[in-house]
Amino acid sequence: MKVVIPAAGLGTRFLPATKSMPKEMLPVVGRPVIQYVVEEAVAGGADDIIIVTGRGKRSLEDHFDHNPDLGAWNSQPALQRLETLIETATIHFVRQRNPLGLAQAVLCAQQHVGQEPFGVLLGDSIYECEPPVLRQLRSAVDRWAPGGSAIALEVVPEDRVDHYGIVGGTQLSPTAIRVQQLVEKPRPQDAPSRLALTGAYWLSPRIFDCIRATPPGRRNEVELTDALQRLADQEPVIGVVIEGRRFDTGTPLLWFETNLRFGLRDPEYRAALERVLGEGPPVGPTSPPSHE
Ligand code: G1P
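Residues 80 to 371 (my numbering) are what the sequence shown spells out, left to right.
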């Protein structure tokens, strides 16, 4: 099973941290985000992963390569875990030569994907789902739209709808809809619902033609959400409110929150973190405000 991981974005919401470092390499309690994404893909059944990178993203390739310079450190459990992951799935890389948006990044994988349905997981979101998110999407397709597509959804507060792709449609079950409308980052008054795309997709290969036919949107990039609207106009696209959680790491605040949550339940860090949090706000220089 093939999974495409678009990881070519410039990380503009995370500057200057992402000026020379890919946002996908930011650590969440010891592991870079991209490793969680690959682990999720493998848990979802992937044995063939294609990561779409771009300029300045070479450290992603290095992360999934063996590093002989580390010598004996390679036998550390954390590195062994990574080795096992690398051996479980073949990981390919393709470069998006110009940052023309998410849909165009997916298009870069077309030749590799061919004519089969495939998964897409965004390179900055961590899922904690049982079953794994791509399995949930495939089950929905098998049940309601064999050969069709499915997208993972979560309910977001009204004041966050303009951060996400938002969908509307007809209810199939308490947690599934047949998607009819997709709007990328709408104003709250224009949003068809509060159901947001989380960044996990199971797509029929017809999406590639839809991407080619889609004009650039507001950000002057071809939006995957707009291409999905075309697909949904032609064939079934199922929206699934996922069982489980996804953690967005695409902005400093979201990344920080994710680290805190993961750290607070990690036996190695929990006590120290609780102590620091219990101390209240520290005295000292404040950092300049960071926007989300
Ligand atoms: C992208 C998608 C958006 C989706 C979001 C999930 O937005 O375009 O539809 O809701 O990921 O994180 P971006 O994060 O690139 O702004």
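Just so you know, even glycine gets a beta-carbon here, dropped at the ideal spot from N, CA and C.
None of these values were measured; they are calculated from a predicted model.
Check                                                                                                                                                            : Outcome
Mind checking whether Leu213 and Val246 have CB atoms under 7 Å apart?                                                                                           : no
Three or more beta-carbon pairs under 8 Å between the stretch 246-266 and the stretch 170-186, yes or no?                                                        : no
Scan the stretch 240-307 and note each continuous alpha helix (DSSP H) run of 4 residues or more that stays entirely inside, going in chain order.               : 286-292
Tell me which residue opens and which closes the beta strand (DSSP E) that Val173 is part of.                                                                    : 169-174
Run through DSSP, which three-state label would Gly150 get?                                                                                                      : helix
Under three-state DSSP, which class holds Thr91?                                                                                                                 : helix
Going by DSSP, which residues form a beta bridge with Leu232?                                                                                                    : Leu276, Val320
Buried or exposed: where does Glu103 fall if 16 or more other Cβ atoms within 10 Å of its Cβ makes it buried?                                                    : buried
Could you give the DSSP three-state label for Leu179: helix, strand or coil?                                                                                     : coil
Mind checking whether Ala270 and Val319 have CB atoms under 7 Å apart?                                                                                           : no
Classify Phe287: buried if its beta carbon has 16 or more other beta carbons within 10 angstroms, exposed otherwise.                                             : buried
For His145, is the classification buried or exposed, using 16 other Cβ atoms within 10 angstroms of its Cβ as the cut-off for buried?                            : exposed
Hey, Pro196 and Ser99: beta-carbon distance below 7 Å or not?                                                                                                    : no
If I follow the unbroken alpha helix (DSSP H) through Tyr115, where does it start and stop?                                                                      : 112-122
Sort Arg354, Leu356, Ala86 by Cα distance to Ser439 and report the nearest one.                                                                                  : Given a span of 80 to 371 for the chain in the structure shown, any question on residue 439 remains unanswerable.
Which residue marks the beginning of the beta strand (DSSP E) containing Asp127, and which one marks its end?                                                    : 127-132
In chain order, what are the residues with a CB under 5 Å from some non-hydrogen atom of ligand 1?                                                               : Tyr243, Gly244, Leu276, Gly278, Thr304
Here's a check: name, in chain order, each residue in its chain whose Cβ is nearer than 7 Å to the Cβ of Arg266, leaving out the five neighbours to either side. : Asp241
Please name the residue in Gly278, Trp281, Val258 whose C-alpha comes closest to that of Gln308.                                                                 : Val258
Exposed or buried, which one is Asp327 when buried takes at least 16 other CB atoms within 10 Å?                                                                 : buried
Whose C-beta lies closer than 7 Å to the C-beta of Phe341 among residues of the same chain, with five residues either side of it excluded?                       : Val107, Val108
Tell me whether Leu216 sits in a helix, a strand or coil according to DSSP, three-state version.                                                                 : helix
Less than 7 Å between C-beta atoms, sequence neighbours within five positions excluded: which residues of the same chain meet that for Val301?                   : Leu179, Gly180, Ala182, Gln183, Ile290, Thr293, Pro295
Between the stretch 119-129 and the stretch 146-155, do at least 3 Cβ pairs fall closer than 8 Å?                                                                : no
Does DSSP put Pro156 in a helix, a strand or coil?                                                                                                               : helix
Starting from Pro85, trace the alpha helix (DSSP H) both ways and give me its first and last residue.                                                            : From DSSP, Pro85 is part of no alpha helix (DSSP H) but of the beta strand (DSSP E) over 81-85.
When the Cα atoms are used, what is the spatial distance from Tyr280 to Gln313?                                                                                  : 17 Å
Pull up the DSSP beta-bridge partners for Arg27, would you.                                                                                                      : Because the chain is modelled from 80 through 371, residue 27 falls outside the range shown and cannot be assessed.
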